[in-house]
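Asker: Shown below is the structure under consideration.
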Amino acid sequence: MDEKNSQKQHKSRFWRITGTSLYFFTLVVLVVGLIYLIWSSRLIIMERRLFPNDFSIGAVILNFLSLLVEVIGILYTVMLFKHIGTTSYHSPIDVNQKSITIEEYPQVSVLIPIHEAIPSILELTLKSVINSNYPREKIEIILGDDTNENYDKLPQIRELASRYDSSYIHDISNLNFKAGMLNIMLKEIKSEFIVFLDYDHKMSKNFLKQSISILVEDDKLAFAQSKVNFYNIQSKLQIWESVMYAQFFEIFQRSKNQRQTVLFNGSTACFRKKILDEIGGVPINTFTEDIDLSIQILSKGYSSRLIDDYGSLGLIPANFSLLLSQILRWAKGSMHTLKKRWRKILFSKLSFYDKVDLFFSTSLFFIASSMYLTILFYVIMFFTGNKAVRLPIQDFLPLIIMPISFVIAYQISGLIAIIFARKNGLTHMKIYDLVLFSIIALALNPFTVYAVLKTVFRVRPPEKGRDTWNEKIPIIPFSLLFTLLGVGILIIAFFDFFGGTKTLWLVLFLLGSSLIATFPVSLYYHLTTRHNKPYFYQHLSQDIE
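Counting in the numbering used here, the sequence shown runs from -1 upward without gaps.
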């Protein structure tokens, strides 16, 4: 026992030292970034004053716009290092798994929204709820279905609802996707606590006890969110998304938990009904009701907690097309939420840091897409003969330092996410999967530009019947276009290096190279996964403890 305690103390000390080191590196990146911003701004202004005929107002504007994009990237890197440092400092080694004691079990309602559900998958989910170690008589299960009457599996779904003693609400008038169905179900609830559970997520036996015990202990908490992952991992593509989810929960959510500003993830979370009623239910007219609901709750001064355990395992897309559609929905949804709620965040009761962090969380896809704006600005500079002031490579290397800092932060976050997830029993992820993680992320990133731009210029909110939940786009033409664009940018970089201003080539070379990877990676995964069933759900009946 003493030896085990000693090993635990050594591991805990290691992670605290790691976290402290990452905090220090966060500060270094921030200071270097500020110096770079001030230094570059001064050089641009001086260039205009000294050479007004050669350095036009247009050149000044282009330089400041491209500098703004770089600064956004610096801030992203700073926030990423901060979250990595926090989750490392408060590692899972220090999490004490105390016994759960509830003196009096309150009634809890489990809401499961469905649309054209596959009965075999739904049954696995219902079984997992029934098999919970929470008293069965205290659990109310409600299925909310907006499937059309002509769906051939509707009788089977109704039979499952009856067999598992679940209330069944069928309302095809719902025009607000998942959020609309949740609101329809909320009207029927009288329980103090409500669980939102996706129909393809098998709930762990402990989840209800864990979430209720946390909420009962602290009446200031609005909700408790559990970590989630997947149980149908059968390909490298699925491992990629599994690592991405692990990165979200093990890095960002564990870090946010220290300030009790955890975000709702769409499933496997337990809410106080009175707070949902206070804010008017689940926000509609959005593709990402989870982020929107989180903003509504946190901006009113309520707090949230993370259950540092995997409360459910769900299904993950098995083909590239469906995976890409899902990511595009997240990109559109988070961007739409940012457009709609930025004032609420800005004038909320949150602290300054928490406001910055919430802006950071809702703008991740925008930040990732903004780097491609640099291409536009630098290409214009190249063809107009203007130079990028602030990039004397022989004197200072911020152009290299900042992208490298981001890549290092991204890789460290993936590494720590895998280590922590494996400690929680998700052994399908391996350290060497980080290489694949980076390659696929690089290939998918240009597609998010399309989703972000589409949302920026979108006037009306999402609406069922007029919009598709998971939009499908022509993968091959889009990816080929991105790769050809990358080739063109490399050509421009070549001409700038050998006959141009010699100030643009490095940025263009890095961005062009990243775009070139899009077509071959997309083509490979599209061709090798297009015949897969959507979720590899056949014969999957493992239990989650």
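Cβ atoms here follow ideal geometry from the backbone N, Cα and C, with glycine treated the same way.
Could you check which residue in Tyr149, Lys225, Asp431, His334 has the C-alpha nearest to that of Phe455?
Answerer: His334
Asker: Checking 8 Å against the spacing of the C-beta atoms, do Leu553 and Ile116 come in under that value?
Answerer: For the chain, the structure presents residues -1 to 543; residue 553 sits outside this window and is missing.
Asker: State yes or no: is the beta carbon of Phe476 nearer than 8 Å to at least one beta carbon in chain B?
Answerer: The chain inventory of the structure shown lacks chain B, comprising one protein chain alone.
Asker: Taking the beta strand (DSSP E) that Gln223 falls in, what are its first and last residues?
Answerer: 219 to 228 is the span of the beta strand (DSSP E), which, as asked, contains Gln223.
Asker: Is it right to say Thr284 is buried, meaning 16 or more other beta carbons lie within 10 angstroms of its own, or is it exposed?
Answerer: buried
Asker: Of the residues Asn263, Leu291, Lys452, which one's Cα is nearest the Cα of Gly312?
Answerer: With respect to the C-alpha of Gly312, the residue from Asn263, Leu291, Lys452 having the closest C-alpha is Asn263.
Asker: What are the residues that DSSP puts in a beta bridge with Arg585?
Answerer: The question about residue 585 has no answer here: the residues shown for the chain are numbered -1 through 543.
Asker: Report yes or no: do three or more beta-carbon pairs, one from the segment 195 to 204 and one from the segment 113 to 130, lie closer than 8 Å?
Answerer: Counting Cβ pairs under 8 Å, three or more are found: they touch.
Asker: Roughly how many angstroms lie between the CA atoms of Ile237 and Asp352, to the nearest whole one?
Answerer: 31 Å
Asker: On a CA-only basis, which of Gln105, Ser54, Val226 is nearest Gly423? Give me that one, please.
Answerer: Closest option to Gly423, judged by alpha-carbon separation, among Gln105, Ser54, Val226: Val226.
Asker: Select from Asn131, Ser233, Ile293 the residue whose C-alpha is nearest the C-alpha of Phe345.
Answerer: Ile293
Asker: Report buried or exposed for His8, applying the criterion of at least 16 other Cβ atoms within 10 angstroms of its Cβ.
Answerer: exposed
Asker: Kindly indicate which three-state DSSP category Arg252 falls into: helix, strand or coil?
Answerer: helix
Asker: Hey, Val27 and Met369 are a contact pair by Cβ (cut 8 Å); roughly how many whole angstroms apart?
Answerer: Contact doesn't hold; Cβ gap of about 17 Å is too wide.
Asker: Determine the contact status of Ala491 and Leu479, defining contact as a CB-CB distance below 8 Å.
Answerer: no
Asker: Would you list the residues sitting across from Pro153 in a DSSP beta bridge?
Answerer: Answer is none; Pro153 lacks a bridge partner.
Asker: In chain order, what residues of the same chain lie with their CB nearer than 7 Å to the CB of Gly498, ignoring the 5 residues before and after it?
Answerer: Phe380
Asker: With a Cβ-Cβ cutoff of 8 Å, do Ile282 and Gly178 count as a contact?
Answerer: yes
Asker: Whole angstroms is fine: what's the gap from Phe476's alpha carbon to Phe493's?
Answerer: About 26 Å.
Asker: So Asp307 is in the beta strand (DSSP E); what residue range does that whole segment cover?
Answerer: 301 to 312
Asker: For Ser130, tell me which candidate among Phe205, Gln258, Thr453 has the shortest Cα-Cα distance.
Answerer: The residue from Phe205, Gln258, Thr453 with its alpha-carbon nearest to that of Ser130 is Phe205.
Asker: Less than 8 Å between the C-beta atoms of Ser240 and Ile343, yes or no?
Answerer: no
Asker: Kindly list the residues whose CB is nearer than 8 Å to the CB of His426, restricted to its own chain and excluding five residues on each side of it in sequence; keep chain order.
Answerer: Ile231, Ile237, Ser240
Asker: Are the Cβ atoms of Phe358 and Met77 separated by less than 8 Å?
Answerer: yes
Asker: Please report the residue range of the alpha helix (DSSP H) in which Gly486 lies.
Answerer: 473 to 497
Asker: Quick check: the Cα distance between Pro153 and Tyr300, rounded to an integer number of angstroms?
Answerer: 42 Å
Asker: Do the CB positions of Ser302 and Phe418 come within less than 8 Å of each other?
Answerer: Not closer than 8 Å, so no.
Asker: Using CA atoms only, rank isn't needed, just tell me which of Arg11, Asn146, Val193, Ser323 is closest to Ile170.
Answerer: Asn146
Asker: Could you please give the first and the last residue of the uninterrupted alpha helix (DSSP H) stretch that includes Ile182?
Answerer: 175 to 184
Asker: Less than 8 Å between the beta carbons of Leu356 and Leu348, yes or no?
Answerer: yes
Asker: One question on the structure: do Leu513 and Pro444 come within less than 8 Å of each other, judged by their Cβ atoms?
Answerer: yes
Asker: Since Ile544 and Glu248 should fall inside the 8 Å C-beta cutoff, what is the C-beta to C-beta distance between them, to a whole number of angstroms?
Answerer: Given a span of -1 to 543 for the chain in the structure shown, any question on residue 544 remains unanswerable.
Asker: What distance in whole Å lies between the Cβ atoms of Val108 and Glu138, which are believed to be in contact at a cut-off of 8 Å?
Answerer: Contact holds; Cβ gap of about 7 Å.
Asker: In angstroms with no decimal places, state the Cα-to-Cα distance between Phe62 and Thr382.
Answerer: 16 Å
Asker: Would you mind stating whether Ser310 and Ser265 have Cβ atoms separated by less than 8 Å?
Answerer: Contact: yes.
Asker: From Val450 to Leu322, what does the alpha carbon distance come to, in whole angstroms?
Answerer: 14 Å
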